[in-house]
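In short: position in the sequence shown from 1, add 479, done, that's our numbering. Worksheet for the structure shown next.
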Amino acid sequence: MPASGVSAAAIAARLSALGLPTQVEEHGGHTTVEAEIPESLSAESWREVLNVVADADRFGLLATSLNGRTLWAAVRKTAPTTGDVGGPSHQR
C-alpha cells in the first residue's frame with residue numbers, strides 16, 4: 480500500500496474510533512477518506528475530528544439538504560512540487 484494509503488487508513492481508523500462511519504478510496508494522485516457527520520456531533524467531538532483531518536493534505540465538508548454532511552480528507556500519493564506547497568491554512 481502506498482504511503483498515502485497508510486496515512487488515509489490511519490485517518491479513517493481514528494475517525495471510526497470517534498464513531499464515524501468512513502470510506503477510503505484510491506484515486507490517481509491521492510487517497511481520500513470520507514465520513515458522514517451526524518447533526519448531533521458535539522463541539523468537543525468536532526475538535527477531535529478536526530484534529531484528525533489536520534494530518535491530511537486537504538480536507539473539507541460537503542453539506543447538502545439531500546445527503547447531510549460529509550467530511551472529506553485527501554492525502555497526496557506524491558510529494559507536492561514547490562509551487563503547490565500548502566498547509567492547513569491553504570485549502571482549495
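Built from N, CA and C at the ideal position, the CB exists for glycine as well. Given the structure is predicted, the values throughout are model-derived calculations rather than measurements.
- About 14 Å separates the beta carbons of L499 and A487, which is beyond the 8 Å limit, so they are not a contact pair.
- Shown here, A522 sits in a helix according to DSSP, grouped into three states.
- Counting along the chain, the unbroken beta strand (DSSP E) around L541 starts and ends at 537-543.
- Boundaries of the beta strand (DSSP E) around L550: 547-555.
- Take L541, set aside five residues on each side of it, and the residues of its chain with a beta-carbon closer than 6 Å to its own are T549, in chain order.
- The beta carbons of W551 and T511 sit closer together than 8 Å.
- Here A553 is buried: its Cβ has 16 or more other Cβ atoms, across all protein chains shown, within 10 Å.
- The residue among W525, A522, D534, H506 with its C-alpha nearest the C-alpha of A489 is D534.
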